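Numbering (this note's numbering), first residue to last: 12 to 130.
Each residue gets a CB set at the ideal place from its N, CA and C atoms; glycine is no exception.
Predicted model, so just to flag it, every value in this text is computed and none were measured.
See structure below.
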């Protein structure tokens, strides 16, 4: 069995994104534990990334809420950080987080219609 992270994880645009990995099927006798999966995926090499691995059993739901709680808390922390609006615009698409927010919270129909292209 081979293990690798999707190459998108290493893209510069995602450098500030948090990463949650579910170590599923922990109810099976031969399942690798979270530490083994961490090693196989090389998660420790993601030194500049905030990541977390959660042992889970999807059939019983064990561990799912804990992982989602971690994700929710870490996304909330990013949203509340003072530099959340300092992200650089996407030069290829000519929009930024601030302009997307302005479009999505606008009251006039022209701007709201333009926001459809952001979704």
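Between the Cα of residue 23 and the Cα atoms of 68, 57 and 88, which residue gives the shortest distance? Residue 23 has its Cα closest to that of 57, out of 68, 57 and 88.
Residues near residue 27 by beta carbon distance below 6 angstroms, same chain, minus five either side: Taken in chain order, the list of residues that qualify is empty.
Helix or strand or just coil, what does DSSP make of residue 157? Since the first residue of the chain shown is 12 and the last is 130, residue 157 is not available in this structure.
Would you give the residue range spanned by the alpha helix (DSSP H) that residue 22 belongs to? Membership of residue 22 in any alpha helix (DSSP H) is not indicated, and neither H nor E is assigned to it by DSSP.
Taking just the CA atoms, how far does residue 66 sit from residue 35? Whole-angstrom Cα-Cα distance: 6 angstroms.
Residue 75 vs residue 31 beta-carbon contact at 8 angstroms: It is not a contact, given that the beta carbons lie outside the stated cut-off.
What does the alpha-carbon distance come out to for the pair residue 62 and residue 38? Those two C-alpha atoms are separated by around 23 angstroms.
To which residues does DSSP link residue 30 through a beta bridge? According to DSSP, residue 30 bridges with 62.
Pair within 8 angstroms by beta-carbon distance, residue 64 and residue 42: No.
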